[in-house]
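Residue numbers for the sequence shown follow the working numbering, beginning at 380 and rising by one.
We treat Cβ as the ideally placed atom computed from N, Cα and C, and that holds for glycine.
Heads up, the thing below is written out as C-alpha cells.
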Amino acid sequence: MRKLEAGKLVIASHNAGKVREIQDLLAPFGMEVISAGDLNLPEPDETGETFEENSLLKSLAAAKASNLPALADDSGLSVAILSGAPGIYSARWAGPRKDFDRAQKKVADAVAEYDTIEQKADRSAAFICALSLAWPDGHTEVFEGRVEGQMTWPARGEKGFGYDPTFIPNGYDITFAEMDPAEKHKISHRADAFQQLVAACFS
C-alpha cells in the first residue's frame, strides 16, 4: 500500500454534498482539499460496470489532469428486491437535473410493484461506496464500504443528500437525512471505505 503524503488532494467530484462529506472525513489529517469543480476539471464518462471501475475512472482522470493525488468515490443505493438497482445508475435515476425527489419516487414505485394485498415487499437495501485514491503516475488504491438498512417512504429529514431521506440504517429508527452528520459519518458506507483507506494509506 502506498502512503499519502500531507499536501494538496483533489476530490474528484462535482457533487457539493459528497465533497463536503469527504472534507469532513479528511479534516483530522491536515490535507489541503480541492474539488474537481474548483479546478474546472471535466467529469469523465462513467462507463464502468461496477462502483470500483467508475471510481477509478474518476480518480485517475483527476490525478492526471491536476498532477496531484486524487480521491474519488463512486457510490449508490442497492435495493435487494430490485436486484441491486439503481446501483451504479443511482445518480442517473435522478436525471440530468439531479432531481433526487424524482429518483426516490422512482425507487418507491419500483418496489411498490412487488407489494401484495397480504404484505409489503422486502424493503432491505444497502448503500455501497468504492473509494479510490490515484496518483499522477497511475498508481491506485481502492476500498469498498457498505451500510445495510431499509427503505422508507415518504422521505424524511433535511440533513442529507441523494437517497438519504428514504434510507434507515439498521439499528436506527431515523433516516440518514434526519441524522446528525457526525453520527452518519461514523456508520455510513463512505465512512466504512474511508476507515479502510486511512488504515492503509495515511501514516
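Under the three-state reduction of DSSP output, Asp494 falls in the coil class, being neither helix nor strand.
Within 10 angstroms of the beta-carbon of Lys437 lie 16 or more other beta-carbons, which makes it buried. Per the coordinates, the alpha-carbon of Val389 lies some 21 Å from the alpha-carbon of Gly455. Relative to the Cα of Val398, the nearest Cα in the group Ala556, Leu450 and Glu432 belongs to Leu450. Contact between Leu510 and Leu576 holds: their C-beta atoms lie close to 6 Å from each other, under 8 Å. Ala385 and Ile401 have their C-alpha atoms some 16 Å from each other.
By the Cβ test, the segment 475-483 is in contact with the segment 534-552, since at least three Cβ pairs between them sit closer than 8 Å. When C-alpha distances from Leu512 are compared across Leu435, Thr429, Gly416 and Gly409, the shortest belongs to Leu435. Minimum Cα-Cα distance from Gly427 among the listed residues Tyr468, Gly416 and Ser392 corresponds to Tyr468.
Beta-bridge partners of Gly524 (DSSP): Cys508. Note that the C-beta distance between Ala505 and Glu523 is not below 8 Å. Each of Lys443, Asn549, Glu431 and Thr519 was checked against the Cα of Ile507, and the nearest Cα belongs to Glu431. From the listed residues Leu439, Gly536 and Glu557, the smallest Cα separation to Glu425 is found for Leu439. For the options Lys387, Ser414 and Arg381, the alpha carbon positioned closest to that of Asn394 is the one of Ser414. Nearest C-alpha to Cys580 among Asn446, Asn433, Glu520 and Gly466: Glu520.
Spatial neighbours of Ala487 in its own chain (CB-CB distance under 8 Å, excluding positions within 5 residues in sequence) are listed in chain order as Met530, Trp532 and Thr545. Straight-line spacing of the CA atoms in Leu418 and Ser445 works out to 8 Å. Put simply, the backbone Cα of Gly416 is about 42 Å away from that of Asp494. Residue environment for Met380: exposed (fewer than 16 other C-beta atoms within 10 angstroms of its C-beta).
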